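Contents: one structure, followed by commentary.
Residue numbers (the working numbering): 22 to 223.
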């Protein structure tokens, strides 16, 4: 059944299982977060684009920690993505946006091991190219979200990943995306190494 959910529009895409630190400063969202804290309820994060409104698919955010409360009412919180939802109808009865939402789940079983192996291999090559040692839960049943959420990749692509209701299809999309960007990242890495070595490449 549809549920009424407080909505936080952001220029960001929250994925299930991915953490999101937030600085809450607008009065309407301070009110919203205070209510969520008091009632121990989640809110919805939806991507907002200028002149285009909010996306139809979002993700609930569970508040893990209130890390700081300021004297003027501002707050720093850490939330984590939980469940995807589809917005059915926007509600403006409160100072902050609410929406009637319908939660959506995946439609398929666990992807085959070969897909997981391939996407993780590409991911490790990307981390090596950018010089990152990011760690993720490689045993997660929702590996696609862990991978997409750990990289500063295009928000349109992240939104597309959020909307796919199949882990198999999400991993296939990530494989294609990683294969497309990896050569560019490796080329940039070689340029950095060359510059650091005074132009001499071994």
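Every residue gets a Cβ at the ideal spot worked out from N, C-alpha and C, and that includes glycine.
Just so we're clear, the structure is a prediction, and the values are computed from it rather than from any experiment.
8 angstroms Cβ cutoff, residue i in contact with chain C
| i | result |
| --- | --- |
| residue 54 | Protein chains in the displayed structure number just one, and chain C is not present. |
Close-in-space but distant-in-sequence residues of the same chain around residue i (CB under 6 angstroms, 5 per side omitted)
| i | result |
| --- | --- |
| residue 124 | 104 and 106 |
| residue 262 | For the chain, the structure presents residues 22 to 223; residue 262 sits outside this window and is missing. |
| residue 191 | 165, 182 and 185 |
| residue 220 | The predicted position of residue 220 is uncertain, since its pLDDT is 49 and thus under 50; a value taken from the coordinates is nonetheless stated next. Result list for residue 220: empty, nothing under 6 angstroms. |
| residue 49 | 116 and 117 |
| residue 110 | 121 |
| residue 75 | 30, 67 and 69 |
Selected residue, minimal CA-CA separation from residue i, among the options
| i | options | result |
| --- | --- | --- |
| residue 148 | 168, 163, 131 and 137 | 168 |
| residue 121 | 127, 113 and 128 | 113 |
| residue 153 | 161, 56, 160 and 144 | 144 |
| residue 279 | 40, 71, 86 and 67 | As shown, the chain starts at 22 and ends at 223. That puts residue 279 outside it, with no answer to give. |
| residue 156 | 171, 163, 35 and 216 | 171 |
| residue 146 | 94, 40, 201 and 25 | 201 |
| residue 13 | 212, 193, 187 and 176 | Because the chain in this structure spans residues 22 to 223, residue 13 falls outside the shown range and cannot be described. |
| residue 82 | 71, 39 and 93 | 39 |
| residue 101 | 41, 69, 150 and 26 | 41 |
| residue 174 | 110, 151 and 211 | 151 |
| residue 37 | 196, 158 and 139 | 158 |
| residue 69 | 109, 35 and 30 | 30 |
| residue 35 | 108, 61, 66 and 62 | 66 |
| residue 22 | 108, 61 and 71 | 108 |
Own chain partners of residue i with C-beta closer than 7 angstroms, once the 5 adjacent residues on each side are dropped
| i | result |
| --- | --- |
| residue 184 | 78 |
| residue 209 | none |
| residue 198 | 178 |
| residue 54 | 45, 96 and 98 |
| residue 47 | none |
| residue 132 | 188, 189 and 192 |
| residue 119 | 25, 26, 27, 28 and 112 |
| residue 207 | 150 |
| residue 163 | 37, 38 and 188 |
Neighbourhood of residue i by C-beta, 8 angstroms cutoff - its chain only, sequence neighbours within 5 removed
| i | result |
| --- | --- |
| residue 223 | Any reading at residue 223 must be qualified, since the residue scores a pLDDT of 41, below 50, and its modelled position is unreliable; no value is offered. |
| residue 51 | 45, 94, 95 and 96 |
| residue 196 | 136, 139, 140 and 143 |
| residue 203 | 143, 146, 147 and 150 |
| residue 180 | 34, 68, 76 and 78 |
For residue j and residue i, believed in contact at Cβ under 8 angstroms, the rounded distance
| i | j | result |
| --- | --- | --- |
| residue 28 | residue 57 | The pair is not a contact, with the Cβ atoms about 12 angstroms apart (cut-off 8 angstroms). |
| residue 187 | residue 129 | 5 angstroms |
| residue 26 | residue 64 | 7 angstroms |
Open item on the list: List, from N- to C-terminal side, the alpha helix (DSSP H) runs of 4 residues or more that fit wholly inside the segment 39-125.
Closed with: 48-60
Task: Within the segment 130-160, ranges of the alpha helix (DSSP H) (whole runs, at least 4 residues) - done: 134-151
Task: Sequence ranges, alpha helix (DSSP H) only - wholly within the segment 165-193, length at least 4 - done: DSSP runs (the alpha helix (DSSP H)) wholly in the segment 165-193: 176-184.
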